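Here the structure comes first, spelled out in structure tokens, and everything after it is commentary.
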Amino acid sequence: MENNNIIIGSDHAGFNLKEKIKKFLIDSKYNVVDVGTFSTDSVDYPIIAKKVADKIASNEYEKGILICGTGIGMCIAANKINGIRAVVCSDTTSAKFSRQHNNTNILCFGERIVGEYLAKDICTIWLETEFEAERHQRRINLIENL
Ligand code: RB5
27 MENNNIIIGS
37 DHAGFNLKEK
47 IKKFLIDSKY
57 NVVDVGTFST
67 DSVDYPIIAK
77 KVADKIASNE
87 YEKGILICGT
97 GIGMCIAANK
107 INGIRAVVCS
117 DTTSAKFSRQ
127 HNNTNILCFG
137 ERIVGEYLAK
147 DICTIWLETE
157 FEAERHQRRI
167 NLIENL
């Protein structure tokens, strides 16, 4: 594991799963910084997505996790920030390839879509899989220049 620091955030619809994932990551020896939200009171997901994405775009953190109802809104919002490659996953294969081929730096998923145990497996695979670089780096460079 090259870097143990993870930044995490959710909206109200992802709050309960965020709390479970946060505990799981801490128990798995990650240092977790939680930018909120801290209750099930309604909050707009782009505000939380920006908090996490900005810290990754500025290289303060290498990887982040965002949870909302579906993961979709968080993913769309995070990908608006330069340097962010966010993926929404509801399966472990996508999580693995998003790291190997796309060097994703934010993982999104939805509390209304994935259960706790699948979410934990998705996190583990995403966090432990390395980017394969080479031809994939060339393609990421092309994305950066779009
Ligand atoms: C909130 O109701 C919901 O729209 C949000 O959590 C997320 O699923 C948006 O993509």
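If you're matching positions, the sequence shown starts at 27 in the working numbering and goes up one per residue. Positions of the beta carbon are idealized from the N, C-alpha and C atoms, including for glycine. Small disclaimer: the values here were computed from a predicted structure and weren't measured.
- Separation of Gly35 and Met100 (C-alpha to C-alpha, rounded to the nearest whole angstrom) is 10 Å.
- Between the ligand RB5 and the CB of Ala104, the shortest heavy atom gap is not smaller than 8 Å.
- Contact holds between the region 94–108 and the region 120–134, because three or more Cβ pairs, one in each stretch, are under 8 Å apart.
- The DSSP-derived three-state label of Ala159 is coil.
- For Lys55, the three-state secondary structure derived from DSSP is coil.
- The beta carbon of Asn29 sits closer than 6 Å to the beta carbons of Glu88 from its chain, once the five residues preceding and following it are set aside; these are given in chain order.
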